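If you're matching them up, the sequences are chains A and B in order. Be aware that the first sequence starts at 1, since it is given in this note's numbering, and climbs by one per residue. Be aware that the second sequence starts at 327, since it is given in this note's numbering, and climbs by one per residue. Worksheet for the structure shown next.
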Amino acid sequence: MARNRDTGEDYVAPVRRLLVGLIVILLAAVFLVWRIDNPRVERLRAEVIDAVVPPMDWAMAPLTGVVNLVRDFQSYQRIYEQNQDLRRELQQMRAWREAALQLEQENARLLDLNNVSLDPALTFITAVVMADSGSPFRQSVLLNVGRRDGIVDGWPTMDGIGLVGRISGVGDRTSRVILLTDTSSRIPVTIQPSGQRAILAGDNSTYPLLEFVESPDSVRPGDRVVTSGDGALFPSDLLVGQVALGTDRRLRVRLSADYGRLEFLRVLRAPPTEQISDPGSLLVPQDDGTGAPALSFGLPAEGDGTTGADEAAGTGAATGTEAADG
Amino acid sequence: MAENAPPRAWLRQLAFVLLALAIVFLQLLPLNTAPDDLPYPDLLLAFTCVWMLRRPDYLPVVTVAALFLLADLLLNRPPGLMALLVVLVTETLRARAPDLRAASFWIEWLAVATAVTAITLGGRIVLSLVMLPQAPLGLTLLQMVMTILAYPFAVAAAWGLFGITRPAPGQVDALGQRL
Chain A
1 MARNRDTGED YVAPVRRLLV GLIVILLAAV FLVWRIDNPR VERLRAEVID AVVPPMDWAM
61 APLTGVVNLV RDFQSYQRIY EQNQDLRREL QQMRAWREAA LQLEQENARL LDLNNVSLDP
121 ALTFITAVVM ADSGSPFRQS VLLNVGRRDG IVDGWPTMDG IGLVGRISGV GDRTSRVILL
181 TDTSSRIPVT IQPSGQRAIL AGDNSTYPLL EFVESPDSVR PGDRVVTSGD GALFPSDLLV
241 GQVALGTDRR LRVRLSADYG RLEFLRVLRA PPTEQISDPG SLLVPQDDGT GAPALSFGLP
301 AEGDGTTGAD EAAGTGAATG TEAADG
Chain B
327 MAENAPPRAW LRQLAFVLLA LAIVFLQLLP LNTAPDDLPY PDLLLAFTCV WMLRRPDYLP
387 VVTVAALFLL ADLLLNRPPG LMALLVVLVT ETLRARAPDL RAASFWIEWL AVATAVTAIT
447 LGGRIVLSLV MLPQAPLGLT LLQMVMTILA YPFAVAAAWG LFGITRPAPG QVDALGQRL
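The structure is reproduced here in structure tokens:
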């Protein structure tokens, strides 16, 4: 071939091939390690994001601001219709305000009667959205608070009105919120007023699915959806949205949070949840000191007092099982 | 040797790195946090293909690997997988670049379409082999098509902004060596 006329090429080509091979092996190793030991590599990812994204913030914030300004400017063109809409909404809001005031007074009276003190543990940290996931397949945002501010994995995140998602991945100065619309988001919810339990499952669309509804007949579009607090995953009774019937006749949720424009989010300090810090291991039978599995029978007769406590535990387990059998 | 090398080669290499960082940066801007119906094209991949087929000497394999690994980490993808596939596929493109130099643009586009399809399907196959959850198939295919359609625009942008063209037969560089 004409392109191989350089004499240097003969030395460069094998070295280059070696380099490409090394890079390929390295990248494959990174992927496999991530697959095997996910938490540690995800922590590495959080650290990388932590190092890269906050320094870009000075450029990101103004650019985002300018684009939003242009969008707002475009909306001025429809200002008359908006004004009419707003007046109409204001009228409705006045009625609601009246109702809310009455309810508040009633609520205060009832609380007074019950001597209830509200849970002081449910405080929040306000955070600014710095970046989104940058991929059409992932729905998440990056916040400008992190471990430094006491953020912990699993805390719920809300905007002013409704639930937005939960913290997943905390760096020192940043943390990632998996939005309810992400395909990996599963949240236990309750549908009011029927009290049905369901799982809110994101599917990368604007309206997440309601799965495992026991009797869909008792659920109607417009019903309120709140978190149920099942599995101690979230505090209960955080507003999520309203039930809507999708075009595919499946139950979906119209989220209360304004997903079109997430700017400031509240991270709720929720009660501690179970931490997943290491890859899972096999569940093996417990060794009770006599070298036999705890659930085997006939062992109490062999006891000679040398392993008293273990023996007692073994006996307890054995009799417990027998009782369950009988 | 180093002082004899033209500095423009370094500038061109830097240009691609800056372009790639700008693309990732724009993708990260929190402009639209609601899910889209139409995914935007993978511009980083499209521009990498442009450079690989037109000026492969300005884009070392280390740069490709590093940039895509960074993108994997920042964009919440399985780290290393996309970078691995892109390195493998773009190396075949690099090997074919001299043959494609005299071919028409349609043939070049076809080569890029094959490469993008290979990366997309390869990624899905690997993800299903290691039993990982995947993005919806329709959305992935849509993004693949968008990326392929974006290729001519990427070519035009690379030509307009950075002067990246296919070296004409017999063209020489600053030192008088044939490209």
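Backbone N, C-alpha and C define an ideal beta-carbon position, used for all residues, glycine too. Please read these numbers as outputs of a predicted model, since none were measured by experiment.
query                                                                                                                                       : result
C-beta neighbour in chain B for Phe31/A, strict 8 angstroms                                                                                 : yes
Cβ-based burial, Asp85/A [other Cβ within 10 Å; buried from 16]                                                                             : exposed
Listed by chain order, chain A residues near Thr359/B by CB distance under 8 angstroms                                                      : Val129, Asp132, Gln139, Val141, Leu179, Tyr259, Gly260, Arg261, Leu262
Pairwise C-alpha distance: Ser256/A and Glu214/A                                                                                            : 23 angstroms
Any C-beta of chain B under 8 angstroms from that of Trp58/A                                                                                : no
Contacts around Ala439/B, its chain only, beta-carbon distance under 6 angstroms, and the 5 residues preceding and following it disregarded : Ile474
Opposing strand residues paired with Pro156/A [DSSP bridges]                                                                                : Arg166/A
CB contact below 8 angstroms: Pro404/B versus chain A                                                                                       : yes
Residues in the segment 23-52 of chain A having any Cβ partner in chain B nearer than 7 angstroms                                           : Ile23, Val24, Leu27, Ala28, Val30, Phe31, Trp34, Arg35, Val41, Arg45, Val48, Ile49, Val52
Short Cβ contact (8 angstroms threshold) for Tyr259/A with Ala348/B                                                                         : no
Straight-line gap, Arg147/A to Leu265/A (C-alpha atoms, nearest Å)                                                                          : 16 angstroms
For Pro188/A, the three-state DSSP class (helix, strand or coil)                                                                            : strand
Any chain B beta carbon closer than 8 angstroms to Thr64/A                                                                                  : yes
Partner residues on chain A for Val388/B, Cβ-Cβ distance less than 8 angstroms                                                              : Leu19, Ile23
Ser75/A, enclosing beta strand (DSSP E) - first and last residue                                                                            : First-last for Ser75/A: 38-76, but that is the alpha helix (DSSP H), not the beta strand (DSSP E).
Residues that Ala409/B contacts on chain A, provided the C-beta gap is smaller than 7 angstroms                                             : Leu27
Any chain A beta carbon closer than 8 angstroms to Tyr366/B                                                                                 : yes
Glu417/B: contacting residues in chain A (beta-carbon distance under 9 angstroms)                                                           : Val20, Val24
Proximity winner among Thr174/A, Thr183/A, Ser218/A, relative to Ile191/A (alpha-carbon distances)                                          : Ser218/A
Contacting residues, own chain, Cβ-Cβ under 7 angstroms from Thr183/A (five flanking each side not counted)                                 : Gly202, Asp203, Asn204
Assigned secondary structure, Ala439/B (DSSP; H/G/I helix, E/B strand, else coil)                                                           : helix
Closest residue to Gln353/B among Leu142/A, Gln102/A, Leu283/A, Pro235/A (Cα-Cα distance)                                                   : Leu142/A
is_contact[Leu400/B, chain A] using C-beta, thresh 8 angstroms                                                                              : yes
Val67/A at chain B interface by Cβ criterion, 8 angstroms                                                                                   : yes
For Gly316/A, the three-state DSSP class (helix, strand or coil)                                                                            : The predicted position of Gly316/A is uncertain, since its pLDDT is 41 and thus under 50; a value taken from the coordinates is nonetheless stated next. It is helical.
C-beta neighbour in chain B for Asn144/A, strict 8 angstroms                                                                                : no
Sub-8 angstroms separation of Leu419/B and Ala441/B beta-carbons                                                                            : yes
Residue-chain proximity (Val273/B, chain A), Cβ-Cβ < 8 angstroms                                                                            : Residue 273/B lies beyond the range of chain B shown here (327 to 505); nothing can be said about it.
Assumed close pair Leu44/A, Val129/A - CB separation to whole angstroms, cut-off 8 angstroms                                                : The Cβ separation is near 23 angstroms, so there is no contact.
Element boundaries [beta strand (DSSP E), containing Val415/B]                                                                              : Taken as a continuous stretch (DSSP letters only), Val415/B belongs to no beta strand (DSSP E), being part of the alpha helix (DSSP H) at 407-426.
Sheet register partners of Val129/A (DSSP bridge)                                                                                           : Leu143/A
Beta strand (DSSP E) segment containing Val213/A, residue limits                                                                            : Premise fails: Val213/A is in no beta strand (DSSP E) and is neither H nor E.
Assigned secondary structure, Gln339/B (DSSP; H/G/I helix, E/B strand, else coil)                                                           : helix
Where Phe137/A sits in the DSSP three-state scheme                                                                                          : coil
6 angstroms Cβ shell around Pro382/B - same chain, five flanking residues per side excluded                                                 : Arg420, Ala423
For Thr123/A and Asn144/A, believed in contact at Cβ under 8 angstroms, the rounded distance                                                : Between Thr123/A and Asn144/A the Cβ distance is about 18 angstroms, and since that is not below 8 angstroms, they are no contact.
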